[in-house]
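J.: Input: one structure, supplied below.
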C-alpha cells in the first residue's frame, strides 16, 4: 500500500465500493461517480471499485479478473464478475456473491490507503468486505443505503420473511447499521428504521439523488427535438414517465383514465415500458385520449414532460416508504416546471418542501379522481407557478456540487475520529 499523511479531520483518500458503480462514459452515471468527480475537484483522491456486471451500463468486457483505468482523472478498479441477463434472476444473486469473492482476492498493491471506506448497496453483501477492509486499515466505514433490503424483497417482491436469502440479507443489514461509523440514506427518514434494526441509536444522514446542471442545459437546448403531443388547448395533459411494473402502482391512474374517457378535459400520456404495459394498454384500448408513448431517448424525456400540465407517480402502500422516497423520476419532474401529483402514503418530502404538488393516499382511486378534477379547474397560471417553485427548489438543493460538498463534510467529520477495529 502507498502510505499517506492525511491531516486530522480530512478524508483525503476515499474508497468507494459498489457493485453497480458506473460512469457516464459507459452509458449511465451512478450518483457516487457524480459525487466523486466533485470530490476530486476539491483535491481529494477517490478510488472507485466496482464490477463489470451491471445491467444499467455498457461496461467493457474484462480480459482478466482485475483491471484498473483512469476516467476523468478518477482511479477506477473493475472486477470481472458473473454477468446476467434478467434483473430478477438467480444468476444476478450469484453475481453478487462472485463480486464479493473478487473483492476478497483483490490486489491492493499500488492503491493508496483509505481514510474512509464507503460501501453502497445494492448489493448488501459488500458490507462484509467493507468491515474486513475497515479492520485492515483502521479507518471508519460509511454504509450507504439506496434501497432498504431485505424489506423491499418482502414488501414488494413477494419473498417470505423466513426465506434463507431474506434472513441472510437481514443479518448483514443489521451488521452494517451496528458497525458502520455513519449510515447514509438516499431517503430522508432512514434513521428510525436503521436504529430499530440495530437495536440502538444509529448515526444517520440523508444525501439524496441529484442532477448535473450542465446536462440539464443540454437537454433544454434540444427541447424541440422531442416527440410532439397532439392536444387541444383546453385539455389537462397528465403525464407519467418511468417503468410500468408491479411496484409502480399505475393501476390507479389507469382506472381513472378509463372513468374519464368521455371527458374531453383530460388527456393522459404515459411514457416508458415494463411488464404491465401491454395489460394497461388493453384496458384503455377504447380511451381516445390515453397515449402510450413507449421508451424514448433519455435526452427527449424532458421535452415530452414539458408538454404536459400535470405529472404523476405512484407507489403501493408499504413499510418501505416509511423511510421516505428516493425516486430519480422526481428530478426530471421538477426540472420540467410542472406540478406533481403522487399516490403515496409514506414519509413526505420534496413536493411539500418545494410547494410544487401534493400527496394522495396510495391506491385511492376516488382521491386521485377528485384531485384530477381539481387541477383541471385550477387556473393555468397557478399550475405554472407551482411548477416554477419546484424547479427553483431543485436548483437550490439538489445539484451534484451541493450534495457532494454535504457528503464530503460528513466524511471529513469521520476521518481521524472514527477509527475502530
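Numbering (our numbering), first residue to last: 6 to 426.
Glycine included, every Cβ here is placed at the ideal spot set by N, Cα and C.
1) Does residue 411 come out as helix, strand or coil in the three-state DSSP assignment?
2) For the candidate residues 137, 57, 65, 111, whose alpha-carbon lies nearest to that of residue 100?
3) Are there 16 or more other CB atoms within 10 angstroms of the CB of residue 178, so buried, or fewer, so exposed?
4) Please report the straight-line C-alpha distance between residue 424 and residue 136, rounded to a whole angstrom.
5) Could you check whether the stretch 348-355 touches the stretch 272-287, counting it as contact only if at least three pairs of C-beta atoms, one from each stretch, sit closer than 8 angstroms?
6) Kindly indicate which residue of 29, 176, 55, 126 has the alpha-carbon position closest to the one of residue 70.
7) By Cβ distance below 8 angstroms, which residues in the same chain neighbour residue 254 in space, the five residues on each side in sequence not counted?
8) So which of 155, 18, 60, 23 has the shortest CA-CA distance to residue 91?
9) Specify the secondary structure class of residue 154 as computed by DSSP and reduced to three states.
10) Just to confirm the assignment: which complete beta strand (DSSP E) runs, minimum length 3, are found wholly within the stretch 260-327?
11) Starting from residue 224, follow the alpha helix (DSSP H) in both directions and report where the run begins and ends.
12) Which two residues bound the contiguous beta strand (DSSP E) that contains residue 245?
13) From the DSSP output, which residues share a beta bridge with residue 362?
14) Helix, strand or coil, according to DSSP, for residue 117 in the structure here?
15) Once the 5 residues before and after residue 408 are set aside, which same chain residues still bring their CB inside 6 angstroms of it?
16) Please state the DSSP three-state secondary structure of residue 188.
17) Check the DSSP bridge columns for residue 210 and list the partner residues they point to.
18) For residue 252, which residues from the same chain have a beta carbon less than 6 angstroms from its beta carbon, with the 5 sequence-adjacent residues on both sides left out?
19) Which residues share a DSSP beta bridge with residue 146?
20) Thinking C-beta only, is residue 132 closer than 7 angstroms to residue 181?
21) Thinking C-beta only, is residue 304 closer than 7 angstroms to residue 224?
T.: Here's the rundown:
1) helix
2) 57
3) buried
4) Residue placement at residue 424 cannot be trusted, given a pLDDT of 44 that sits under 50; the coordinates are not used to answer.
5) no
6) 55
7) 319, 320, 321, 348, 367, 368
8) 60
9) coil
10) 271-276, 295-297, 315-319
11) 218-226
12) 241-246
13) 345
14) strand
15) 212, 215
16) strand
17) 189
18) 161
19) 122
20) yes
21) yes
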